[in-house]
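J.: Handing you a structure now.
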Amino acid sequence: MTQVKIDIGKLDANGIVDLANDSISVTPTSRFATATKKIVVDEPLKTALDQHGTITLNLPPTGKDWAYQLHVGAGTQHEFKVTFDVPDSANPVNFADLVTVDPATLIPNAGNPLSDIDQSDIDWAVDAINA
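Encoded structure:
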């Protein structure tokens, strides 16, 4: 399980304020099997942010054929959905640092650091390792 810290705010006349107590849901894009072979269905985990607009969730890392979708503020002016991957990490990760993916293809979105890697980056890394 990876601990994912979600921290969401909104603009205010005085800057950014917490999105306190807003409802969120996290849903796998398809059912999947855990490392212990338990089948997990693609049903939403419904919860709410705390008074500071944060929550920490324990999520199994994603696989190659599925991801998670975060849905924030259903039916509100600030409603949004984003599909993302969760790494297998022993350390907590911030949601803002996770890789977002296209919901249809599960390919990382453009502008994502991992999707901007090209052959020259790989060649540089190999040269650095071999030096």
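Using the working numbering, you'd call the opening residue of the sequence shown number 46 and step up by one each time.
Note that CB positions come from ideal geometry on N, CA and C, so glycine has one too.
Which one or two residues does DSSP pair with Gln-114 in a beta bridge?
T.: Thr-72, Thr-128, per the DSSP bridge assignment.
J.: Going by other Cβ atoms of all chains shown within 10 Å of its Cβ, with 16 needed for buried, is Phe-140 buried or exposed?
T.: buried
J.: From Pro-148 to Ala-93, what distance separates their C-alpha atoms?
T.: Pairing Pro-148 with Ala-93, the inter-Cα distance amounts to about 23 Å.
J.: To the nearest angstrom, how far is it from the Cα of Ala-119 to the Cα of Ala-58?
T.: 23 Å
J.: Determine the closest residue to Asn-154 out of Val-127, His-123, Asp-63, with distance taken between C-alpha atoms.
T.: Val-127
J.: Pairing CB atoms from the region 69-83 with CB atoms from the region 168-175, are three or more of them under 8 Å?
T.: no
J.: Hey, could you find the ends of the beta strand (DSSP E) Gln-48 is sitting in?
T.: Taken as a continuous stretch (DSSP letters only), the beta strand (DSSP E) holding Gln-48 covers 47-52.
J.: For Gly-54, which of Leu-64, Gln-48, Thr-47, Gly-60 has the nearest alpha-carbon?
T.: Leu-64
J.: Please report how far the alpha carbon of Thr-47 lies from the alpha carbon of His-116, in whole angstroms.
T.: 19 Å
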